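Report on the following structure.
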Amino acid sequence: MPELPEVETVKKGLEDILVNKTIKGINLSGFSLRFPIPKNLVSLASGKKIVSIGRRSKYILFNLSENISLISHLGMSGNYRILSQEESKSYKAKKHDHIIFQFEDFKVVYNDPRRFGYIFITDKDPKDHRSIACLGPEPMSNNFNEAILAKSFYKKERPVKNALLDQTIISGLGNIYVCEALFRSKINPKKKIKQLVYSNGSAKNSLIILKNEINEVIKESILLGGSSLKDFSNTEGKMGYFQNTFSVYGREGELCVSKDCDQKIVRIVQSGRSTFYCPKCQK
DNA sequence: ATCCCCACCTGGCCGC
DNA sequence: TGCGGCCAGGTGGGGA
1 MPELPEVETV
11 KKGLEDILVN
21 KTIKGINLSG
31 FSLRFPIPKN
41 LVSLASGKKI
51 VSIGRRSKYI
61 LFNLSENISL
71 ISHLGMSGNY
81 RILSQEESKS
91 YKAKKHDHII
101 FQFEDFKVVY
111 NDPRRFGYIF
121 ITDKDPKDHR
131 SIACLGPEPM
141 SNNFNEAILA
151 KSFYKKERPV
161 KNALLDQTII
171 SGLGNIYVCE
181 ALFRSKINPK
191 KKIKQLVYSN
201 GSAKNSLIIL
211 KNEINEVIKE
221 SILLGGSSLK
231 DFSNTEGKMG
241 YFQNTFSVYG
251 REGELCVSKD
261 CDQKIVRIVQ
271 SGRSTFYCPK
281 CQK
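Shown next as structure tokens:
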């Protein structure tokens, strides 16, 4: 499911309820996620208090007492549900419920049908974990600007669509928001990234626009609680609303939303992933 | 070094 | 109704 806005929505939902609560126990389904669930997860996390909950890119970071951290990635289909006290009493684990956290008087369920998600536990700074340390800056952060994009794009041949999905260049974007940001920026997804940078290494105006539109699309989506496609919902099981504002994603064959444009949205495949764009508006 | 492809999974949908 | 094929929001390892 989840790109940065969806993960932020989930993180806020967890934060509201779980901070200062103590994990009393953990039940596992026995299935592996993308990676095996760490053998010491149950013993190390049980009895610890959740001191704070953070997010880095698409990762949710649970900071527990005694400097233990859980690093959680939702993959494509992972989700957390916070059960009410009433629901928790009689709750029977459903299919794909892989981790159930028990608190004093309620439960939190991690469900993941495709098992592409994963969880790590560490007693070191989670920022140094190999999956987090290599991440590029994320939209809306202080160190995300056109200069850093220009540096990554300088003299490089790859299509801008692929580069924006590369989490080491910019982290937090996925297929939906890359397609939407490129449409808003009027940039063709097949455009080579070196074409957005001057030969002296400085950002062209189109790259500055792209940076601004990335920030804008992410900001708007967070305000609407993310996008709900298939199985994404927040920790209360409610859907986000940003999917209602898509201009190109999933709109193959439909009319371009730009004023005075009579083109239909096209779907192509780049690096094995669908790209949606308007061939007339995006040059 | 850079970049693409594939595998990892299940489920939903579409056409026959 | 059933079955095969295709599609899906992500990532990291291997190989070109």
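For the first sequence, this note's numbering assigns the number 1 to the initial residue and increments by one for each residue that follows.
Glycine included, C-beta positions come from ideal geometry on N, C-alpha and C.
Computed from a predicted structure; not experimentally measured.
Residues that V109 bridges to, as DSSP identifies them: Answer is R81, I100.
N- and C-terminal bounds of the beta strand (DSSP E) containing G172: Per DSSP, G172 lies in no beta strand (DSSP E) segment and is marked neither H nor E.
Supposed close pair I71, T122 - CB separation, criterion 8 Å: So it is a contact: roughly 7 Å between Cβ atoms.
CB-CB length for A203 against E146, believed under 8 Å: Yes, they are in contact, since the Cβ atoms of A203 and E146 sit about 4 Å apart, within 8 Å.
Own chain, CB closer than 7 Å to R251, minus 5 neighbours either side, in chain order: Hits under 7 Å: I265, F276.
Inter-stretch contact at 8 Å, needing at least 3 Cβ pairs: the segment 114-131 / the segment 61-77: Using a Cβ-Cβ distance cut-off of 8 Å, the segment 114-131 and the segment 61-77 are in contact, since at least three pairs of beta carbons, one from each stretch, lie closer than that value.
Status (buried if at least 16 other CB within 10 Å, exposed otherwise) for E220: The C-beta of E220 has fewer than 16 other C-beta atoms within 10 Å across all chains shown, which makes the residue exposed.
Continuous beta strand (DSSP E) assignments of at least 3 residues falling wholly in the segment 34-77: Fully enclosed beta strand (DSSP E) runs of 3 or longer: 50-56, 59-64, 69-73.
Proximity below 8 Å, CB of V217 to CB of I187: A distance of 8 Å or more separates the beta carbons of V217 and I187.
F153 and L196 closer than 8 Å at C-beta: Their beta carbons are under 8 Å apart, which means F153 touches L196 by this criterion.
Separation of T245 from F62, as counted between CA atoms: Their Cα atoms are separated by approximately 31 Å.
Stretch pair the segment 10-19 + the segment 42-57: three plus CB contacts closer than 8 Å: At 8 Å Cβ cutoff, the stretches touch.
First through last residue of the alpha helix (DSSP H) which encompasses T285: The structure shown does not extend to residue 285, since the chain spans only 1 to 283, so no value can be given for it.
Uninterrupted alpha helix (DSSP H) stretches inside the segment 172-213 (no shorter than 4 residues): The segment 172-213 is shown to contain whole alpha helix (DSSP H) runs of 4 or more residues at 175-185, in chain order.
CB contact flag (Y91, V108, <8 Å): In this structure, Y91 sits away from V108, with a CB-CB distance that is not shorter than 8 Å.
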